[in-house]
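Scroll down for the structure; my scribbles are underneath it.
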Amino acid sequence: MSEEPAGAAGAADSGAEGFGRLVVERSGGIGGMLVVWEVDIDTSSRRDDLGRRVTELPWSDRSTADPATTSSASAGADRFDYLIESRFGRVRFGEGQMPQEWRRLVDEVREVAEPQRRRPD
Amino acid sequence: MNIHSVVPPYLLDAIAERGPEKFPRAAAAAASCRMSDESCRSLRLTGLRYTPPADLDQAETLETDDPANRTSTSGDAGSEGATGRAATAGRPGSAGVQRLIHDAQGKEVLPGVLVRSEGEDPVPDEAVNEAFDGLGAAYSLFSEVFDRDSLDGNGMPLLASVHYGQDYDNAFFDGRLMVFGDGDAEVFTGFTGSLSIIGHELSHGVISHTADLEYSGQPGALNEHCADVFGALTDQHDNSQNAEDADWLIGAGIFTPEVTGRALRSMIEPGTAYDDDVLGKDPQPGHMDDFVTTDSDNGGVHLNSGIPNRAFALAAVSVGGPAWESVGQVWYGVLTGDEITKQTDFVGFAELTIAEAAEQFGSGSDVHDAVVTGWEAVGISHAGSARGNEGSTW
């Protein structure tokens with residue numbers, strides 16, 4: 017949050033490149049519509065909070081997630097599918113399987129970025 | 042009430058991971074609870090007991106602990122269902138439809154508070170009544186037309202939750218419950234307002250108890266396709282509508298007046314359901330030449346379903362009359378038959394439907410010919426399309 021003490025993100029490893037862009041792509045749902053939220057963390061009013069989150073989240077552990085992880089029929093149908101990308105990695109979660117820390121990141125991005133509807137690749 | 046406090050997640054984890062040897066049944070149930078996030082634990086609070094998937098063949102999936110929630114076998118099941126047709130199932134000894142509608146109260150916690158049960162009068166909340174009536178209409182389709190008693194064929198209760206989340210633009214099936222959001226009021230209205238959507242979600246439950254098509258790629262698109270088929274048939278059956286008179290829309294009326302669009306998708310004309318400044322143009326393909334390859338949406342399951350959707354709708358219109366009596370019977374026969382697998386693809390499904398049409402209606406019958414022609418129209422030809430169909434025995 018912008019209310020956090022100055023320099024909070026300084027502890028995070030933004031490196032020379034900065035934190036870069038953070039992209040949340042939501043697909044699926046009964047409508048199958050693709051919605052994207054994108055934020056430049058370095059110029060965002062929530063740079064400190066978003067920067068700390070993206071550096072602390074376990075991107076490497078989730079970088080190989082694929083649609084098959086959510087294909088089990090027992091998980092139901094028509095749920096949203098989330099792809100989250102940053103320069104730190106790329107993760108994908110079914111809506112019902114998203115851990116709380118990732119959910120908080122998605123919620124925060126949705127608060128600061130306007131949704132963009134796009135055609136699928 | 043803080044329902045998360047009943048069975049802590051860490052305890053479920055411990056039981057699931059370390060309990061199989063000593064408590065195999067509890068471990069299986071705990072593992073299932075974890076998969077379906079909070080819903081299983083919450084269901085217990087409303088008096089519903091979950092039976093692990095391993096026992097599905099022997100018992101109902103969900104049973105009620107509360108005698109007040111048990112459906113009488115006296116036949117008072119119909120209430121005022123949708124359409125007044127949510128009556129008892131055709132199976133001997135069946136208790137008939139048993140609907141339990143919950144209110145999630147704007148939270149993403151399932152199932153929420155039980156607000157209307159079978160046999161109870163309508164409530165002031167219209168979304169509750171729409172879900173109740175819509176589930177009744179879908180139940181009636183499967184019961185009256187296909188002699189199927191609920192999702193599992195054994196009369197399991199129909200569980201639904203409305204008012205899920207905040208501005209939630211979706212409806213889904215979580216493996217046990219049919220869940221409906223209210224929409225954001227800018228693009229989407231409430232998802233209980235469309236009978237085809239309610240039928241679609243209930244059909245996912247039927248699919249999960251039958252072919253159980255894998256929810257990814259072409260099998261996933263077939264899963265979506267079959268849910269659309271029986272969602273559309275729910276609408277048509279409820280309106281006593283012939284195929285040639287139907288709009289073949291899924292989610293008609295779901296958009297606010299601000300949106301330029303008719304529905305979420307058109308089965309007979311995929312790609313034409315909406316064309317809006319904000320939403321863009323409906324991306325569904327209606328032919329194999331336009332098959333969408335993508336990692337999103339579990340491999341485009343809601344996109345490529347347009348291809349078999351068009352094949353079905355064209356076949357049904359070609360035959361004419363009530364679609365549930367002709368092509369619908371063929372599709373249901375395949376979905377519940379022994380030949381389909383979790384990995385069946387478009388070509389395999391087409392083969393099965395053509396064989397089923399020949400078996401049910403005769404080779405060279407109008408239904409058989411219409412099914413063959415329908416698949417040909419979307420680029421899946423028994424002469425061998427460039428999709429690995431060579432050697433077909435159609």
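Keeping their order, the protein sequence lines are chains A and B.
Going by my numbering, the first sequence opens with residue 17, and the numbers climb by one from there.
Going by my numbering, the second sequence opens with residue 42, and the numbers climb by one from there.
For every residue, glycine included, the Cβ atom is placed at its ideal position computed from N, Cα and C.
Interface criterion not met: the Cβ of H204 of chain B is under 9 Å from no Cβ in chain A.
Assignment of G196 of chain B by DSSP, reduced to helix, strand and coil, places it in the coil class. In summary, Q277 of chain B is buried, with 16 or more beta-carbon neighbours lying within 10 Å of its beta-carbon over all protein chains present. Sequence-ordered contacts of the stretch 96-107 of chain A with chain B read F96, D97 and L99 [C-beta pairs closer than 8 Å].
Cβ-Cβ separation between I381 of chain B and A252 of chain B: approximately 5 Å, consistent with a contact (criterion under 8 Å).
Contact of I57 of chain A with chain B by beta-carbon distance below 9 Å is absent, the smallest such distance being about 23 Å. Out of A:E33, A:R42 and A:V51, the CA that lies nearest to the CA of D58 of chain A is found in A:E33. Rounded to whole angstroms, T71 of chain A and R135 of chain A show a C-alpha spacing of 30 Å. Taking 8 Å as the upper bound on Cβ-Cβ separation, chain B lies near residues E41, S43, G44, G45, I46, G47, G48, M49 and L50 of the stretch 41-55 of chain A.
Cα atoms of D288 of chain B and R303 of chain B: separation of roughly 10 Å, rounded to the nearest angstrom.
Per DSSP, the continuous beta strand (DSSP E) segment holding G44 of chain A begins and ends at R37 to G44. Comparing alpha carbon positions, the residue from B:Y209, B:D331 and B:D386 closest to N264 of chain B is B:D386. Proximity of the stretch 165-184 of chain B to the stretch 46-64 of chain A falls short of the contact definition, fewer than three beta-carbon pairs being nearer than 8 Å. Pairing H343 of chain B with G48 of chain A gives a Cβ-Cβ distance under 9 Å.
At a C-beta separation below 9 Å, N350 of chain B has no neighbours in chain A, since its nearest C-beta there lies roughly 12 Å away. Each residue's CA atom was taken as its position, placing S191 of chain B and V125 of chain A some 41 Å apart. Contact check for G272 of chain B and I295 of chain B: beta-carbon distance about 12 Å, past the 8 Å limit, so the pair fails to qualify.
According to the DSSP secondary-structure assignment, R140 of chain B is paired through a beta bridge with B:L199.
Counted as a single uninterrupted DSSP element, the stretch harbouring D166 of chain B is not any alpha helix (DSSP H), since DSSP gives it neither H nor E. In the DSSP assignment, W53 of chain A is bridged to A:V40. One alpha carbon belongs to A399 of chain B, the other to G405 of chain B, and they sit about 7 Å apart. Taking a Cβ-Cβ cut-off of 7 Å, the neighbours of F213 of chain B in chain A comprise I46, G92, A93, D94 and R95, given in sequence order. A buried status is given to D210 of chain B, since no fewer than 16 other beta-carbon atoms sit within 10 Å of its beta-carbon. Under the three-pair Cβ rule at 8 Å, the stretch 386-395 of chain B does not count as touching the stretch 310-323 of chain B.
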